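Structure first, then comments.
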Amino acid sequence: MGKVLIIGAGGVGTVVAHKVAQNPDVFTEIMIASRTKSKCDAVVKAIGNPNIRTAQVDADNVDELVALFNDFKPEIVINVALPYQDLTIMEACLKTGVNYLDTANYEPKDVAHFEYSWQWAYKQRFEEAGLTAILGCGFDPGVSGVYTAYAAKHHFDEIQYLDIVDCNAGNHHKAFATNFNPEINIREITQNGRYYENGQWITTQPLEIHKDLTYPNIGPRDSYLLYHEELESLVKNFPTIKRARFWMTFGQEYLTHLRVIQDIGMTRIDPIDYQGMKIVPLQFLKAVLPNPQDLGENYEGETSIGCRIRGLKDGKEHTYYIYNNCSHQAAYKETGMQGVSYTTGVPAMIGAMMFLKGLWKRPGVWNVEEFDPDPFMEQLNKQGLPWHEVFDGDLEL
Ligand code: NDP
Numbered sequence: 168m169g170k171v172l173i174i175g176a177g178g179v180g181t182v183v184a185h186k187v188a189q190n191p192d193v194f195t196e197i198m199i200a201s202r203t204k205s206k207c208d209a210v211v212k213a214i215g216n217p218n219i220r221t222a223q224v225d226a227d228n229v230d231e232l233v234a235l236f237n238d239f240k241p242e243i244v245i246n247v248a249l250p251y252q253d254l255t256i257m258e259a260c261l262k263t264g265v266n267y268l269d270t271a272n273y274e275p276k277d278v279a280h281f282e283y284s285w286q287w288a289y290k291q292r293f294e295e296a297g298l299t300a301i302l303g304c305g306f307d308p309g310v311s312g313v314y315t316a317y318a319a320k321h322h323f324d325e326i327q328y329l330d331i332v333d334c335n336a337g338n339h340h341k342a343f344a345t346n347f348n349p350e351i352n353i354r355e356i357t358q359n360g361r362y363y364e365n366g367q368w369i370t371t372q373p374l375e376i377h378k379d380l381t382y383p384n385i386g387p388r389d390s391y392l393l394y395h396e397e398l399e400s401l402v403k404n405f406p407t408i409k410r411a412r413f414w415m416t417f418g419q420e421y422l423t424h425l426r427v428i429q430d431i432g433m434t435r436i437d438p439i440d441y442q443g444m445k446i447v448p449l450q451f452l453k454a455v456l457p458n459p460q461d462l463g464e465n466y467e468g469e470t471s472i473g474c475r476i477r478g479l480k481d482g483k484e485h486t487y488y489i490y491n492n493c494s495h496q497a498a499y500k501e502t503g504m505q506g507v508s509y510t511t512g513v514p515a516m517i518g519a520m521m522f523l524k525g526l527w528k529r530p531g532v533w534n535v536e537e538f539d540p541d542p543f544m545e546q547l548n549k550q551g552l553p554w555h556e557v558f559d560g561d562l563e564l
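Residue numbers (this note's numbering): 168 to 564.
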């Protein structure tokens, strides 16, 4: 049915490549390209399908991307490199007539700032070129938006309160490690918290607000209010929302390490002089931390991510909780990667599948909740991320 180019051969890229290869009726030709070609070759070897092509590309460089796209001629690019590369890849798509999908919004390297404005600014150009760009198609953002769209379509006339809850109850047996790219992860969680209430954004200190939330099959976990990018698009696309928040669990050990590395300046993202060289402390820290891709083998436990929603149906208030639990070990057995990479990579593959099947094909730049959630939800059940619903239970929020 279609040719796909995956950019990025990290934890998420590895899962995307496995899942794309498992669906040969949809993805008829596959290439994986990244900064380090040997990593792409290792992924292909692990999958055991020699028909998958590999290539080296610097995705910060539009000309290199254009040359690669003109050579392979993909119908869609799945961008699972880093958020810094979103705009260069979108530019190259426009120059070569290729459709686009990613899992994280653009971030400039020198300032940790999360907003869709840079990518939404491409809407008209994608429309005029007749190309589709699907933004934020991992788990959160991604499935969190699809769950919300599904709830709005089937269970509510008006969604009023939305809480996205993200629990990782896994244990990787390391004193400190991040579950995806450490630089991107630490930039995200050391930011101020932010949530939406009654038409306004309210800013909190980093990790200032927290409470115990109970996760299915896991139990209570201390959950911290963070800003997360999908809140911006969800309150725009569902204007009945009065309050939208995002919660993520952290253990005390993790938070203690985080506080120490912050206090000693290791999370700084501005370049400093070191023996005549400029280095960015957070990038140096990434080099000495465990590689998230190596966590899988000893990772136990599961993730639980979902949406807790309160709103009106036929004039009455109802609650709805929809979630997925994903086992780190099951993810590792299938793809060689842990659950956080798995829960991101599977939805990215499904988004590309939706596009190639013509179900999510619409010129312009879109967030996932703007498409029909039903065929995506059906695939989540088939592709390894089954979902569960609780009606009118206690949301704790
Ligand atoms: P990794 O750091 O493991 O992988 C990133 C990959 O991109 C690496 O292969 C890296 O190459 C490659 N890369 C980086 N810069 C360039 C460049 N300039 N040109 C070409 N390739 C490049 O990250 P993850 O796999 O953990 O995360 C991938 C993406 O997924 C990130 O954008 C992250 O924000 C997003 N994400 C989204 C989630 C969601 O639920 N929506 C959750 C988790 C992650 P090299 O190996 O040579 O460094």
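A virtual CB, placed ideally from N, CA and C, is assigned to each residue, including glycine. Just so it is clear, the structure is predicted and the values come from calculations on it, not from any experiment.
Quiz item: For THR370, is the classification buried or exposed, using 16 other Cβ atoms within 10 angstroms of its Cβ as the cut-off for buried?
Solution: exposed
Quiz item: Hey, would you say the C-beta of VAL278 is under 7 Å away from at least one heavy atom of ligand 1?
Solution: Not under cutoff, so the answer is no.
Exercise. From the DSSP output, read off the bridge partner residues of LYS186.
Key: Answer is none; LYS186 lacks a bridge partner.
Exercise. Indicate, with yes or no, if ligand 1 has a heavy atom lying under 7 Å from the CB of LEU329.
Key: Not one heavy atom of ligand 1 is found less than 7 Å from the C-beta of LEU329.
Quiz prompt | Sequence-distant residues of its chain with Cβ nearer than 8 Å to TYR251 (five each side left out) | solution = Non-local C-beta neighbours of TYR251 in its own chain, meaning closer than 8 Å and more than five positions away in sequence, comprise ASP227, TYR273, GLU274, PRO275, LYS276, ordered along the chain.
Quiz item: Taking 7 Å as the cut-off, does the CB of VAL247 come closer than this to any heavy atom belonging to ligand 1?
Solution: yes
Exercise. Return yes when the C-beta of ARG202 is under 7 Å from any heavy atom of ligand 1, and no when it is not.
Key: yes
Quiz item: Does the beta-carbon of MET444 have 16 or more other beta-carbons within 10 angstroms, so that it is buried, or is it exposed?
Solution: exposed
Quiz prompt | Reference GLY506; option with closest CA among PHE293, MET521, ASN465, PRO542 | solution = ASN465
Practice problem: Could you pull out every unbroken alpha helix (DSSP H) segment of at least 4 residues lying fully inside the stretch 340-427, listed in chain order? | Solution: 349-356, 397-404
Practice problem: Indicate, with yes or no, if ligand 1 has a heavy atom lying under 7 Å from the CB of PHE306. | Solution: Yes, the beta carbon of PHE306 sits closer than 7 Å to at least one heavy atom of ligand 1.
Exercise. Keeping to the same chain, check which residues put their C-beta closer than 7 Å to that of GLY560; ignore five residues upstream and five downstream.
Key: THR486, TYR488
Quiz item: Which whole-angstrom value describes the C-beta separation of GLU545 and GLY312, a residue pair presumed to lie in contact below a C-beta threshold of 8 Å?
Solution: Contact doesn't hold; Cβ gap of about 16 Å is too wide.
Quiz item: What does PHE194 pair with, by DSSP beta-bridge criteria?
Solution: GLY169
Quiz prompt | Supposed close pair ILE476, LEU329 - CB separation, criterion 8 Å | solution = 6 Å
Quiz prompt | Contact test: PHE347 Cβ vs ligand 1 heavy atom, cutoff 7 Å | solution = yes
Exercise. Return the chain-ordered list of same chain residues with a C-beta closer than 8 Å to the C-beta of GLU231, the five sequence neighbours on each side being excluded.
Key: If we look at GLU231 and ignore the five residues flanking it on each side, its Cβ neighbours are VAL224, ASP225.
Quiz item: How many angstroms separate the CA atom of PRO410 from the CA atom of VAL513?
Solution: According to the sequence as given, residue 410 is Arg; it is not Pro. Cα to Cα, ARG410 sits roughly 29 Å from VAL513.
Quiz item: What residue does the beta strand (DSSP E) around LEU268 start on, and which one ends it?
Solution: 266-269
Quiz prompt | CB-CB length for TYR363 against VAL402, believed under 8 Å | solution = Yes, they are in contact, since the Cβ atoms of TYR363 and VAL402 sit about 5 Å apart, within 8 Å.
Quiz item: Where does MET444 sit, in a helix, a strand or coil, going by DSSP?
Solution: strand
Practice problem: Could you tell me whether the Cβ atoms of GLN358 and ALA271 are closer together than 8 Å? | Solution: Cβ atoms of GLN358 and ALA271: not closer than 8 Å.
Quiz item: If you draw a straight line from the alpha carbon of PRO383 to that of TYR317, how long is it in whole angstroms?
Solution: In a straight line, the C-alpha of PRO383 is about 20 Å away from that of TYR317.
Quiz item: Does the beta carbon of ARG475 sit closer than 8 Å to a beta carbon anywhere in chain D?
Solution: No chain D appears in this structure, which consists of one protein chain only.
Exercise. In angstroms with no decimal places, state the Cα-to-Cα distance between ASP481 and GLY503.
Key: 47 Å
Quiz item: On the three-state DSSP scale, how would you describe GLU453?
Solution: In the sequence as displayed, the identity of residue 453 is Lys instead of Glu. In this structure, LYS453 counts as helix in the three-state DSSP scheme.
Self-check item: Cβ-Cβ distance between ILE173 and ILE245 below 8 Å
Solution: Taking C-beta atoms as the reference points, ILE173 and ILE245 count as a pair closer than 8 Å.
Quiz item: The beta strand (DSSP E) spanning ALA288 covers which residue range?
Solution: From DSSP, ALA288 is part of no beta strand (DSSP E); its letter is neither H nor E.
Quiz item: Are the Cβ atoms of GLN550 and GLY177 separated by less than 8 Å?
Solution: No, these two residues do not count as a Cβ contact at 8 Å.
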